[in-house]
Structure formats: structure tokens, C-alpha cells
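Asks: Sequential numbering from 698 applies to the sequence shown in our numbering. Even for Gly, the Cβ is constructed at its ideal location relative to N, Cα and C.
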Amino acid sequence: AGTGKFFVGGNWKCNGTRDSITKLVADLNDAKLETDVDIVVAPPYIYIDQVKQSLTDRIEISAQNSWIGKGGAFTGEISAEQLVDIGCKWVILGHSERRHVIGEDDQFIGKKAAYALSQNLKVIACIGEKLEEREAGKTFDVCFQQMKAFADSISNWMDVVIAYEPVWAIGTGKVATPQQAQEVHLAVRDWLKKNVSAEVASSTRIIYGGSVNGNNCSELAKQEDIDGFLVGGASLKGPEFAIIVNSVT
Ligand code: PEP
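(1) Any heavy atom of ligand 1 inside 8 Å of the beta-carbon of Cys-823?
(2) Nearest by alpha-carbon distance to Val-839: which of Gly-825, Ser-900 and Ile-756 is it?
(3) What are the boundary residues of the beta strand (DSSP E) that includes Trp-888?
(4) In the DSSP output, which residue or residues are listed as bridge partners for Ser-932?
(5) Give the DSSP-derived three-state secondary structure of Asn-726 in the structure shown.
(6) DSSP beta-bridge partners for Leu-790?
(7) Please report the straight-line C-alpha distance between Leu-752 and Lys-702, rounded to a whole angstrom.
(8) Tell me whether Ala-760 is buried or exposed, calling it buried when 16 or more other Cβ atoms sit within 10 Å of its Cβ.
(9) Go to Glu-774, then tell me how far its beta strand (DSSP E) extends in each direction, as first and last residue.
(10) Report buried or exposed for Gly-834, applying the criterion of at least 16 other Cβ atoms within 10 angstroms of its Cβ.
(11) Going by DSSP, name the residue or residues bridged to Ser-759.
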């Protein structure tokens, strides 16, 4: 891990019922969690209030998306103001499923980030290449282009965590090797240094996501530029999520 405070986020995606979430929250409330870690979970919108009412304050709550601007006539959307109103502190933006399944583009995501930050929501800004892009040697190009769209919109990086999530590793069980992840984290940090500032490069946490679990987290956490994790599948199991939180080195 790097010098920033270790950060572990759980992205529950479109999973759960009232009952399963009651059980997951109880497991998280019972878990022994290292103190020196920022912990965030992102339930589906409709369960955020239930989680907020029942989860320990030790864990902050994130949304998985937010609207690009002020609320109004945008059927089906949820605004940053509404998320703040119900006690959300964070929002995940640019997740690969929103980019590649829903079709959100770099600029749209960058603008969402700027708006969320303007409403005092902190942002987990996701980037990452697809398998064919990696195989074509374009990993850095793709990540830097996604970073540029965020950087064009963001002026205050204090409330931003970057999540490097190679698309080929998300939900596939194919985790990046510690070396593969470290190589990209270092390149992204270097990009921040050249394109934003040395201070932002050293203070911004860059977390890894993509098939992280209780078995592979420790080796990844040892890498110098891996400041934590964004966890999908394994975040639906309280005890395993706790192991990942506690992998802080
Ligand atoms: C994610 O969706 O952010 C993710 C990393 O998923 P998984 O851990 O299931 O690969």
C-alpha cells in the first residue's frame, strides 16, 4: 500500500433484497475491522436508506451512480442532492458496467463527477481497459484518456479516489497480477504528476478492482501504489469483505 489511508469500497451492484441486506449489514456490524482504513459500501439506491438506518457509522455509504446535474424532469434518475439528503457521502462514477453496458462516455462521466463534487459528494472515479485494448497494447492510452476526462472536469482532487478496474478482471474471477495492477497504478500516478500536480499525484488514492477476494487481497495490498480496493462479488459476503479490509499493510 502507498502513503494514503487504505480505502476499501464494496460495490453491491444490482444485488440484494431487504432480507439479504439485513443479514449482510448484521455481518458487517459484527466484523472486526482495522481502524486505519476508510470503508465504504454502495448498496442499490432503494436500499440505501435501510442500510443507513442499520449499518455502523464506521462504514460510509456510497451510491453507484448519480445524475449529471440538478434534479428535475429526468425520469428514473437520482440526483446528487437527493443522495446527500439521505446520508450518502460517496458516489461511484464511470464504473465499467455503466460505460460499456449502459453506454456512458468519458465526457458525460467527467461532468457527473464535477457536479457530484459541487454538491459535496465524494467520488470514486473508475477507469480501466477492455481485454482487446490490453491485448492491443493500449492499456495506458485508454486509462489516460479516461483520466483526462475526469481531470478536465475536476478541480478539487481532495474528495476523489481513483479506482483502476480492468474490465477483463471485473466479475470474471481473473484478477490482475500484483505486477499488472502496480504497473498501471504507477502510470496513473505519473500521469497525475505530469497533468495535474505532484501534490495531487502523491495524495490521491488509487485503488484496484477486479475479482479481488479474501485470498488474493494480501499480495495486491503489498504493492507500493495500490491504496486499497473496490470489491464487487466478494463484498456481498461480510466476513470475506472484512478480510479484504484487514489486508491493509
Ligand atoms: C466491481 O464491480 O467494481 C468489481 C470489482 O467487481 P468484482 O469484484 O466482482 O470483480
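Replies: In terms of the structure at hand:
(1) Because some heavy atom of ligand 1 lies under 8 Å away, the Cβ of Cys-823 counts as near it: yes.
(2) Distances from the CA of Val-839 to each of Gly-825, Ser-900 and Ile-756 were compared; the closest alpha carbon is that of Gly-825.
(3) Here Trp-888 belongs to no beta strand (DSSP E); instead the alpha helix (DSSP H) covers 875-892.
(4) Under DSSP, Ser-932 forms no beta bridge with any residue.
(5) Residue state for Asn-726 is assigned as helix, using DSSP reduced to three classes.
(6) Beta-bridge pairing links Leu-790 to Ala-822.
(7) So the alpha carbons of these two residues sit roughly 22 Å apart.
(8) That one is buried.
(9) Following the DSSP letters along the chain, one finds Glu-774 in no beta strand (DSSP E), marked with neither H nor E.
(10) Exposed: under 16 other Cβ atoms inside 10 Å.
(11) Assignment of beta-bridge partners to Ser-759 by DSSP yields Trp-787.
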